[in-house]
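Here's the structure we're looking at; comments come further down.
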Amino acid sequence: MKLSKLLLSLVMAGSLSSAWAADQNVPSHTTFQVSADNQLKSKLPADILKRGYILAGTNPNTPPTTFYQEDNKTLAGREIDIFNAVAGRLGVTVHWQDTGGFDNIIPGLKSGRYDVALSNINATKKRMDQVDFVSYYDASRLGVISRKDANIAPFTSFQQICGQEVGGGAGTTQLTRLEEASKACEAAGKPALKIAVFPDRPSGVQAVVSGRVPMFFGPYEGLTWQVSQVKALAMTGTIEVNDAPVSIAFPKDSPLEEAVQDALNSLIKDGTYQKILDKWSIGFGAVKEAKRNQEIL
22 MKLSKLLLSL
32 VMAGSLSSAW
42 AADQNVPSHT
52 TFQVSADNQL
62 KSKLPADILK
72 RGYILAGTNP
82 NTPPTTFYQE
92 DNKTLAGREI
102 DIFNAVAGRL
112 GVTVHWQDTG
122 GFDNIIPGLK
132 SGRYDVALSN
142 INATKKRMDQ
152 VDFVSYYDAS
162 RLGVISRKDA
172 NIAPFTSFQQ
182 ICGQEVGGGA
192 GTTQLTRLEE
202 ASKACEAAGK
212 PALKIAVFPD
222 RPSGVQAVVS
232 GRVPMFFGPY
242 EGLTWQVSQV
252 KALAMTGTIE
262 VNDAPVSIAF
272 PKDSPLEEAV
282 QDALNSLIKD
292 GTYQKILDKW
302 SIGFGAVKEA
312 KRNQEIL
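Per my numbering, the sequence shown runs over residues 22 to 318.
Structure representation (structure tokens):
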């Protein structure tokens with residue numbers, strides 16, 4: 022992919038969020054069709070059974086997580102396939118809504134705008150004070166990209182790059198990790214990290230490509246895809262963390278949680294879940310069981 026084309030696609034990805042934010046039913050592409058289980062369907066709340074769909078919020082970012090296809094209006098990706106399959110097992114459909122930004126997700130859940138949200142959300146203790154979770158993906162492998170011509174030596178710890186500048190996405194756990202790593206640098210008598218905050222992953226990747234920042238920190242699977250598409254980029258850092266899995270988020274005490282958890286475990290058991298992850302070349306992040314709330318941590 023040419024550099025100019027990549028930059029255009031990244032800019033479009035960012036602008037499309039606001040363009041589609043008011044749409045209550047953004048179309049999506051489903052890779053796997055699954056059969057409904059009437060016993061699981063009976064666990065759905067009465068209001069969802071009546072209307073026949075679940076309203077899901079997502080923040081389209083980059084493949085293979087969640088993104089817009091080339092038509093710039095159809096959602097696709099790991100999270101789209103996973104939750105469309107969950108809904109299919111429950112005998113309903115999904116009405117997807119673009120949240121217009123990661124920071125809008127928890128407020129949207131709390132206000133009742135979405136029944137669920139999927140956007141590479143780690144289930145942290147702090148977030149559990151506001152929303153509930155069902156886990157579905159192990160994202161303990163994180164990455165740091167840079168331009169190849171920056172000649173940054175490969176590293177596996179932020180202690181190896183104290184004093185250097187790294188970008189992170191606003192509202193993400195990656196940004197929190199950068200702040201913690203910066204404090205650790207100072208505690209070790211080294212210069213603090215210089216942290217650049219970006220509204221989303223595409224803008225951070227674009228900043229690296231254009232040379233505005235030397236590095237950007239984010240989900241390994243998404244950044245690996247970016248590196249595969251842009252010859253100028255390299256995966257410079259691989260950071261392994263002991264983190265709670267990426268999870269589906271719900272309003273607190275949502276009556277939908279048990280049905281979603283059971284449907285997801287059904288997909289894990291019959292192999293559909295693994296097929297979805299393998300389709301996106303991220304089978305290494307499969308979990309053996311979908312857990313809920315405190316069970317996750």
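All C-beta atoms, glycine included, are put in the ideal place defined by N, C-alpha and C. All values reported here derive from a predicted model rather than from experimental measurement.
- Check the Cα spacing between Tyr-158 and each of Pro-266, Ser-302 and Ala-284: the tightest is with Pro-266.
- Every beta strand (DSSP E) stretch that sits fully inside the region 138-218 and reaches 3 residues is listed by chain position as 152-158, 162-168 and 186-190.
- Below 8 Å, too few C-beta pairs join the region 207-221 and the region 279-290 to call them touching: fewer than three.
- Remark: C-beta atoms of Leu-61 and Ala-280 approach each other more closely than 8 Å.
- Excluding residues up to 5 positions away in sequence, Glu-186 lie with their Cβ nearer than 6 Å to the Cβ of Lys-215 in the same chain.
- For Tyr-135, no beta strand (DSSP E) run applies, since DSSP gives it neither H nor E.
- The beta carbons of Leu-130 and Val-155 sit no closer together than 8 Å.
- A residue is called buried once 16 or more other Cβ atoms fall within 10 Å of its Cβ, and Val-262, having fewer, is exposed.
- Inter-segment contact for the region 98-112 and the region 45-58 is present: three or more beta-carbon pairs are separated by less than 8 Å.
- In the DSSP assignment, the residues bridged to Val-47 are Trp-117.
- Nearest to Arg-222 by C-alpha distance, out of Ala-213, Tyr-241, Leu-111 and Lys-211, is Tyr-241.
- One Cα belongs to Asp-274, the other to Ile-126, and the distance between them is close to 17 Å.
- Residue environment: Ser-231 is assigned as exposed (fewer than 16 neighbouring CB atoms within 10 Å of its CB, all protein chains considered).
- When the beta-carbon positions are compared, Val-115 and Ile-75 come within less than 8 Å of each other.
- A Cβ-Cβ separation of about 23 Å leaves Ala-213 out of contact with Ser-224 under the 8 Å criterion.
- Pairing Val-137 with Leu-277 gives a Cβ-Cβ distance under 8 Å.
- By the CB criterion at 8 Å, Asn-141 and Thr-86 fall inside the cutoff.
- Going by DSSP, Ala-108 is part of the alpha helix (DSSP H) stretching over 99-110.
- In the displayed model, Arg-233 falls within coil according to three-state DSSP, outside both helix and strand.
- Here Glu-278 carries a helix assignment [DSSP, helix/strand/coil].
- With respect to the C-alpha of Ser-167, the residue from Ser-249, Leu-70 and Gly-121 having the closest C-alpha is Ser-249.
- Between the alpha carbons of Lys-300 and Phe-238 lies a distance of about 24 Å.
- Annotated three-state conformation of Ile-75 is strand, per DSSP.
- Taken atom to atom, the span from the alpha-carbon of Ile-173 to that of Lys-296 is near 36 Å.
- The DSSP-derived three-state label of Phe-88 is strand.
- If the five residues before and after Pro-66 are omitted, its C-beta is found closer than 7 Å to the C-beta atoms of Pro-276 and Leu-277, all from its own chain and listed in chain order.
- For Leu-254, DSSP records a beta bridge to Arg-168.
- Note that the C-beta distance between Asp-264 and Ser-178 is not below 8 Å.
- The three-state reading of DSSP puts Ser-56 in coil, since its state is none of H, G, I, E or B.
- Excluding five sequence positions before and after Gly-189, the CB atoms of its chain that fall closer than 6 Å to its own CB belong to Gln-195, Leu-196, Leu-199 and Phe-238, given in chain order.
- For Lys-309, the number of other beta carbons within 10 angstroms of its own is below 16, and it is reported as exposed.
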